[in-house]
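Q:
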Amino acid sequence: MDYNWDFATIIQNWRVFWTGLQGTLLMFSVTVALGMSGGFIVGVMRYLKSPLIAWPARAFVEFFRNVPVLVQIVWFYYAFPILTGIETSPFLAAVLGISLNTMAFSAEIYRAGIQSIDAGQWEAGKAIGMSFQQTLRRIIMPVALKRVLPALTNRGIEVFKMSTLASVVAYVETLNQAKLIADLNYNPIESYTAVALIFFVVLFPVVQATYALERVLKRGDR
Amino acid sequence: MEWDFTAAFSNIDLLLLGLLNTLKVTGLALCLGIPLGLVLALTRLTHLRPLSLLAAFIIEFFRTTPPLVQLFWFFFAFPILFDINMTAFTAAIVTFSIQSSAFFAEIFRSGIQSIDHGQWEGAKAIGMTRQQSLKRVILPQAVKRMIPAFMERSIELLKTTTLVSTIAYTDLMYQANDLAQKTFRPLEVYSVVALIYFMLIFSVSQLSILIERRLARSGEGTVH
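Protein sequences, first through last, are from chains A and B. Mapped onto our numbering, the consecutive letters of the first sequence carry residue numbers 25 to 246. Mapped onto our numbering, the consecutive letters of the second sequence carry residue numbers 3 to 226.
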């Protein structure tokens, strides 16, 4: 292995990577916000007894959980416009694909959280005259959310990594920019190593923080 | 808008060939990734600090970087760095074996750690070495608890293999791109392919739910 590493071109082009990282962060924030709030609604629907509400929610979850995200993004980019006549930009296609997938996964997390709460809590809420909504908001959710927080942060980390898939439809994010630099300067080794390092540097502290969070929550339960 | 599935259905053999390649990549990556994951987990659990730190670093690195970046690295950078030839297929196998081994390692670790410490002591008391107790006492119990997590990870891997289409390996996704461009029927082709993936992955996940229930009935706890 006598390859001469040369990170000079990478450092010269840091602005290109910075633009990419901004694209990654934008994609992450939009998809995580849409996915986790939408997932909450679907998760509650999935919990409800009425089959008219629970069934569509179940079908939604099963479909978007069991189709690869890349297939969804490509479908929204190439197939969706033909079906509806609505042009989808690379950004919109990736946002739709990733958020729908995240909605399905986080819906299951919320549902598991709500189900983990003892039924007596619901009855207690009802007994003191609270409506379903009030019980959910004031009694069930505060406890359930705390329990599912580690699972949600793990999902968030997955969503961050998923944002690289947007490069397939040429959305400007970190990996896409690295491809550009690699093709222009013939330095795929340094470019792709740089992307791997950027993701590691951003996510490693987050992962460590989630471990700490899990430990704190576990201690709080005792 | 008129649906016309003839383009998709008359080329179904191409799609099935892609599906076969998808399964090939998934299967091979599993066969290599699981043993490698066990090795990583055991290294992480050794009492030799430098070794265990190294294993922890490898695991964390491959868990925190996106699989697509890893795939590009192994396909575009790795061959130049070590001056070897790498087909899209080899790059895919190498990437997904290592990537999933990092996740499998964590499953192995939590499985092994979930076994009561008394089991280790019991094995030691009847004169077993560490290796023997691991092989005969700990792993048989731990693996049973890990099955649901294993299945879940394998399903994730099956979905992740779609990425190989970006380095032009002829998996199902690649065949779909190819067919959509040639027949000018992206709507039907991509919809059919989404359905194929759905049916495949949905059946595997239903199967894993069944196995998980069966395990729960036999009174086994599970780890994630």
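Yeah, the Cβ is synthetic: ideal placement off N, Cα and C, and Gly gets one too.
#1: First and last residue of the alpha helix (DSSP H) that includes Pro-92(A)?
#2: What first and last residue would you give for the alpha helix (DSSP H) that runs through Pro-188(B)?
#3: Verify the CB distance criterion: does Ser-193(B) have a CB-CB separation below 8 Å to chain A?
#4: Consider the Cβ of Pro-188(B): report whether some Cβ of chain A lies at a distance smaller than 8 Å.
#5: So which of Thr-108(A), Trp-38(A), Gly-244(A), Thr-112(A) has the shortest CA-CA distance to Tyr-101(A)?
#6: Any idea if Lys-3(A) is buried or exposed, counting beta-carbon neighbours within 10 angstroms, 16 or more meaning buried?
#7: How about Leu-34(B) and Ser-99(B): do their beta carbons lie closer than 8 Å?
#8: Just the Cα atoms here: how many angstroms apart are Leu-38(B) and Gly-109(A)?
#9: For a contact meaning CB atoms closer than 9 Å, what does Ala-118(A) contact in chain B?
#10: Please classify Met-201(B) as buried or exposed, where buried requires at least 16 other C-beta atoms within 10 Å of its C-beta.
#11: Among Arg-216(B), Ile-211(B), Leu-217(B), Ala-218(B), whose alpha-carbon lies nearest the alpha-carbon of Glu-86(A)?
#12: Do Pro-174(A) and Thr-234(A) have their beta-carbon atoms positioned less than 8 Å apart in this structure?
#13: From which residue to which residue does the alpha helix (DSSP H) around Trp-146(A) run?
#14: Give a yes or no on whether the minimum CB-CB distance between Ile-213(A) and chain B is below 8 Å.
#15: The alpha helix (DSSP H) with Ser-54(B) in it runs from where to where?
#16: Going along the region 66-80 of chain B in order, which residues come within less than 8 Å of chain A, judged by CB to CB distance?
#17: Tell me the start and end of each unbroken beta strand (DSSP E) in the region 23-51 of chain B that is at least 3 residues and wholly inside, in chain order.
#18: What's the C-alpha gap between Phe-105(B) and Phe-63(B)?
#19: Can you confirm whether Asn-200(A), when its beta carbon is compared against all beta carbons of chain B, has any partner nearer than 8 Å?
#20: Nearest-angstrom Cα distance between Lys-73(A) and Lys-185(A)?
#21: Using a C-beta to C-beta distance shorter than 8 Å, which residues of chain A count as neighbours of Ala-196(B)?
#22: Can you have a look at Tyr-216(A) and say buried or exposed, based on whether 16 or more other CB atoms are within 10 angstroms of its CB?
#23: Below 6 Å CB to CB, which residues in the same chain sit around Ile-36(B) once its five sequence neighbours on both sides are set aside?
#24: Strictly below 9 Å CB to CB, what residues from chain B border Leu-204(A)?
#25: So is Phe-186(B) buried or exposed if we call it buried at 16+ other beta carbons inside 10 Å?
#26: How is the alpha helix (DSSP H) around Tyr-71(A) delimited, first residue to last?
#27: Tell me whether Glu-147(A) counts as near the ligand NAD, meaning its Cβ is closer than 7 Å to at least one heavy atom of that ligand.
#28: Work out the CA separation of Arg-171(A) and Ile-86(B) for me, nearest whole Å.
#29: If you compare alpha carbons, which of His-49(B), Ser-112(B), Ile-95(B) is closest to Leu-141(B)?
#30: With a threshold of 8 Å, are at least 3 pairs of Cβ atoms found where one atom belongs to the region 191-198 of chain B and the other to the region 121-129 of chain B?
#31: Between the alpha carbons of Tyr-84(A) and Ala-128(A), how many angstroms are there, rounded?
#32: Ignore the nearest five residues each way along the sequence and tell me which others in Thr-163(B)'s own chain have a CB closer than 8 Å to its CB.
#33: Run through DSSP, which three-state label would Thr-131(B) get?
#34: Consult DSSP for Ser-113(A) and reduce its assignment to one of helix, strand or coil.
#35: With a Cβ-Cβ cutoff of 8 Å, do Arg-179(A) and Ser-130(A) count as a contact?
#36: My output table needs one value for Phe-228(B): the three-state DSSP class, helix, strand or coil.
A: Walking through what the data contain:
#1: Segment: none, Pro-92(A) is in no alpha helix (DSSP H) and carries neither H nor E.
#2: 188-219
#3: Yes, Ser-193(B) lies at the interface with chain A (some Cβ there is under 8 Å from its Cβ).
#4: Answer yes: the Cβ-Cβ gap between Pro-188(B) and chain A drops below 8 Å somewhere.
#5: Thr-112(A)
#6: The structure shown does not extend to residue 3(A), since chain A is modelled only from 25 through 246, so no value can be given for it.
#7: yes
#8: 48 Å
#9: Scanning chain B for C-beta atoms nearer than 9 Å to the C-beta of Ala-118(A) yields nothing, as the closest lies near 13 Å away.
#10: exposed
#11: The closest CA to that of Glu-86(A), considering only Arg-216(B), Ile-211(B), Leu-217(B), Ala-218(B), is found on Ile-211(B).
#12: yes
#13: 143-151
#14: yes
#15: 51-66
#16: Thr-66, Thr-67, Pro-68, Pro-69, Leu-70, Val-71, Gln-72, Phe-74, Trp-75, Phe-78, Ala-79
#17: none
#18: Each residue's CA atom was taken as its position, placing Phe-105(B) and Phe-63(B) some 11 Å apart.
#19: no
#20: 35 Å
#21: Val-91, Val-95, Gln-96, Trp-99
#22: Counting Cβ neighbours within 10 Å, Tyr-216(A) comes out buried, since at least 16 surround it.
#23: Phe-106
#24: Residues of chain B passing the Cβ test: none, with the nearest at roughly 13 Å.
#25: It counts as exposed.
#26: Looking at the DSSP string, the run of the alpha helix (DSSP H) that includes Tyr-71(A) is 38-71.
#27: Among the components modelled here there is no ligand, and therefore nothing to report on the ligand NAD.
#28: 49 Å
#29: Ser-112(B)
#30: no
#31: The amino acid at residue 84(A) is misidentified as Tyr; the sequence shows Phe. Cα to Cα, the separation comes out at about 7 Å.
#32: Thr-24, Val-27, Thr-28, Ala-31, Ala-94, Phe-98, Asp-173
#33: coil
#34: coil
#35: Contact: yes.
#36: Missing from the structure shown is residue 228(B); chain B here goes from 3 to 226 and no further.
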